[in-house]
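Accompanying notes for the structure given below.
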Amino acid sequence: MRLLFVHPGPLLYTRVFLRLEPLGLELVAEAARRAGHAVKILDLQVEHHDDYRRMIADWRPDFIAFSCNYLANVPEIIDLAKETKSVLPRCFICVGGHSASFTAHAIVEHGAGAIDCVLKGEGESSITKLLEAIEGDRDSVAKVPGVVTAEGEGPPPGFVHSLDDLRPARDLLRHRHKYFIGILDPAASIEFSRGCPWDCVFCSAWTFYGRSYRLVSPERVVEDLQAIREPGAFIVDDVAFVHAKHGFAIGEAIARKGLRKKYYLETRGDVLLRSKEVFKFWKKLGLEYMFLGLEAIDEDGLRKFRKRVSLGKNFEALEFARTLGIEVAINLIADPDWDEQRFAAIRDWCLEVPEIVNISINTPYPGTETWVTEQRRLQSRDYRLFDIQHAVLPTKLPLPVFYRELLNTQRVLYRKHLNWRTAPGLGRAALSLLMRGQTNFVRGMMQYNTVFNHNKLMADHAQPVRYEIPLPPRPPAAAKEPVAKAAQLYIHAPRGRTSRHIDDRTERFVDDTRMGAVE
Ligand code: B12
Ligand code: SF4
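Residues -3 to 515 (the working numbering) make up the sequence shown, in order.
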């Protein structure tokens, strides 16, 4: 069959700070290609809807699969599916990915017949089963693991046998030079592990994979890195180097091969402090940038997000990263309850620290505990606003004032990084990128004010809403506080300790630093 795999268009962030290759979609596409199909990938982060329409008209695929990791992309995917079905009625249309898994029934319903199924969970093994069913007996589609159709739901999705068996179809992307993160331009993405053993209330990374944690072997990582031509690599793991031994083993394998790249990763402050030697080693290998999800700068906030990393530990982690010379980007979560004083306090704090600070907005997502337990009513159910850059919960300040404060804070922080100290270095980096023909980073910087713009954010709220996210399940009237039940949350059923490929010491460390007990 002719199969087209599509990643939807860019979100706000993608226009300024980063745009990364759709690694998950490439992995699913490669699994399908290995099953003997003709496969193409179209990434609408870097191509246009007209490119999509042309591809549909010229190539006439038999099967289209959309990747839906982000809720904000749901309306775009549904509209494209409807448009496609009207010109190619026999084409089978499927949606998969992180957010699609948590909103599968709603997506099928919004599709009103245009979306044949949502495939929940990890896509590599289920995609081939789905394709076999489509080619053979269409009635058996309903029995594919993870499938959700208008008629109902198939058996639960399963894991791939081993992450080492997987290969991404990197060669199928038509514009590889368009992927970047900050000044790592261009950058590829790579996976060292899958899942997360923690259970933060605002996050669905752990509920998707049933709190499991699996590793890619160092040999396989090196093989993949050797196949990457880009000088930069973004490590997509939720928390990098949870298991110190694994981090070392990968590093040693890279050093043996003499591979040289610049790396960007995301981790937790307590993991950084626990595995200092690993991060030191990785600095030598080319680790230059790191996201640290601090989430809050007060103990109360951290407790609320169930991040049991004490403030002291987080600040110590920042101090340590500074000594290594790693550039750190911190993420803080702004609550819609914040008032002017709170924003001012955050601004003051951020100006005191040398790190880059990103501020996102507390947003309940399906698949998180917050989705079930949040007591405040959503002020918008427009999927497009669920991108943690818009406020979907009621704000204490009037909404325009809240956005003004937020944007003002973000702008102050952005300018902090373009000051007299950093400007010459950034200028040199930008020039060298331009001389190599890489324009992503420079364009991103130039677009900042048009993307992060007060009028635009307000206008987004005023758009007519065609698809609304379903309301969270309400707790029984008798319950004083809504309780998130494990069964409500997980996509892949939890398999306990054996599904976490970490040694006992690391398991104990995780247990000591988590606060949940949902499993
Ligand atoms: C790496 C990552 C990023 C990276 C890059 C992502 C990218 N490629 O564009 C960065 C740091 C840039 C990023 C940014 C953001 N991210 Co992010 N990100 C992740 C993370 C940690 C891993 C995603 C990943 O690449 N995994 C590895 C690949 C191999 O897996 P995968 O893509 O999930 O694909 C698998 C399945 O989903 C499925 N699948 C995927 N596509 C398809 C298609 C079909 C047809 C099928 C059958 C299956 C299928 O099969 C794949 C293979 O098993 C996830 C959390 C998580 N663990 O999923 C959050 C996550 C997806 N991000 C999230 C958010 C909110 C964001 C941001 C909006 C804000 C932020 N600062 O975090 C921005 C927006 C970015 C943008 N596009 O503008 C949320 C999404 C929430 C939601 N429900 O919408 C998540 C779930 C984290 C969370 N907090 O819970 N992100
Ligand atoms: S540590 Fe918490 S926030 Fe980070 S990926 Fe794991 S569960 Fe999500």
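Cβ atoms here follow ideal geometry from the backbone N, Cα and C, with glycine treated the same way.
Using only the alpha-carbon positions, how far apart do residue i and residue j sit?
i	j	result
Ala484	Gly363	What sits at residue 484 in the sequence shown is Gln, not Ala. So the alpha carbons of these two residues sit roughly 8 Å apart.
Ile123	Ala223	24 Å
Ile74	Ala110	8 Å
Pro429	Glu43	Note on residue identity: the sequence assigns Leu, not Pro, to residue 429. Between Leu429 and Glu43, the C-alpha separation is close to 22 Å.
Arg207	Asn404	37 Å
Leu76	His386	24 Å
Glu118	Thr494	18 Å
His173	Glu147	42 Å
Leu269	Glu312	8 Å
Gly433	Leu427	10 Å
Tyr285	Leu347	19 Å
Asp181	Gly265	26 Å
Ser271	Glu187	19 Å
Ala513	Lys241	Interpretation of Ala513 is limited by its pLDDT of 47, a score under 50 that renders its predicted location unreliable; the figure taken from the coordinates is listed afterwards. So the alpha carbons of these two residues sit roughly 26 Å apart.
Asp378	Leu467	11 Å
Leu368	Pro469	It is Val, not Leu, that sits at residue 368 in the sequence shown. Computed Cα separation, rounded: 6 Å.
Ala394	Leu374	Per the sequence presented here, residue 394 reads as Pro, with Ala not at that position. Answer to the nearest angstrom: the Cα atoms are 15 Å apart.
Leu84	Leu389	39 Å
Tyr361	Gly254	42 Å
Pro152	Ser158	18 Å
Lys279	Thr319	11 Å
Tyr175	Lys257	15 Å
Thr145	His106	12 Å
Val114	Gln443	35 Å
Phe316	Val137	52 Å
Pro193	Trp202	7 Å
Using DSSP bridges, identify the partner residues of residue i.
i	result
Ala262	First, the amino acid is wrong: residue 262 is Glu here, not Ala. Answer is Phe287.
Cys90	Ala61 and Cys113
Tyr209	Gly191 and Arg496
Arg(-2)	Ala34
His3	Asp39
Gly228	Ala183 and Lys258
Val144	Val114 and Glu149
Asp378	Glu464
Glu323	Tyr285
Ile352	Ala325
If residue i and residue j are in contact, beta carbons under 8 Å, what's the gap, nearest whole angstrom?
i	j	result
Ala183	Phe230	5 Å
Ser356	Ile329	6 Å
Pro6	Gln41	5 Å
Leu288	Leu261	Not confirmed; about 10 Å, so no contact.
Pro214	Ala251	Incorrect: roughly 11 Å between the Cβ atoms, too far for contact.
His497	Tyr205	Contact doesn't hold; Cβ gap of about 12 Å is too wide.
Leu8	Ile177	In fact, because the Cβ distance is near 15 Å, the residues do not count as touching under 8 Å.
Phe18	Asp47	The question names Phe, but residue 18 in the sequence shown is Pro. Rounded, the Cβ-Cβ distance is 15 Å, inconsistent with contact.
Ala100	Lys125	Not really, about 16 Å apart at Cβ, beyond 8 Å.
Tyr209	Ser189	6 Å
Ser63	Gly93	5 Å
Val197	Glu365	4 Å
Answer with buried or exposed for residue i, where buried requires no fewer than 16 other C-beta atoms within 10 angstroms of its C-beta.
i	result
Glu515	Note on Glu515: pLDDT 46, under 50, position unreliable in the model; no value is reported.
Glu401	buried
Glu336	exposed
Asp161	exposed
Asp135	exposed
Met431	exposed
Asn445	exposed
Gln406	buried
Leu0	buried
Ala27	buried
Pro57	buried
Glu273	exposed
Helix or strand or just coil, what does DSSP make of residue i?
i	result
Ile357	strand
Thr405	helix
Arg373	coil
Ala223	helix
Thr79	Inspection of the sequence shows that residue 79 is occupied by Glu rather than by Thr. Here Glu79 sits in helix by DSSP.
Phe13	coil
Ile177	strand
Ala236	coil
Leu328	strand
Gln434	coil
Ala25	helix
Ile123	helix
Phe448	coil
Thr502	helix
Ala521	With the chain running from -3 to 515 in the structure shown, residue 521 is simply not present.
Could you confirm whether any beta carbon from chain D is found closer than 7 Å to the beta carbon of residue i?
i	result
His45	Of the protein chains in the structure, only one exists, and it is not chain D.
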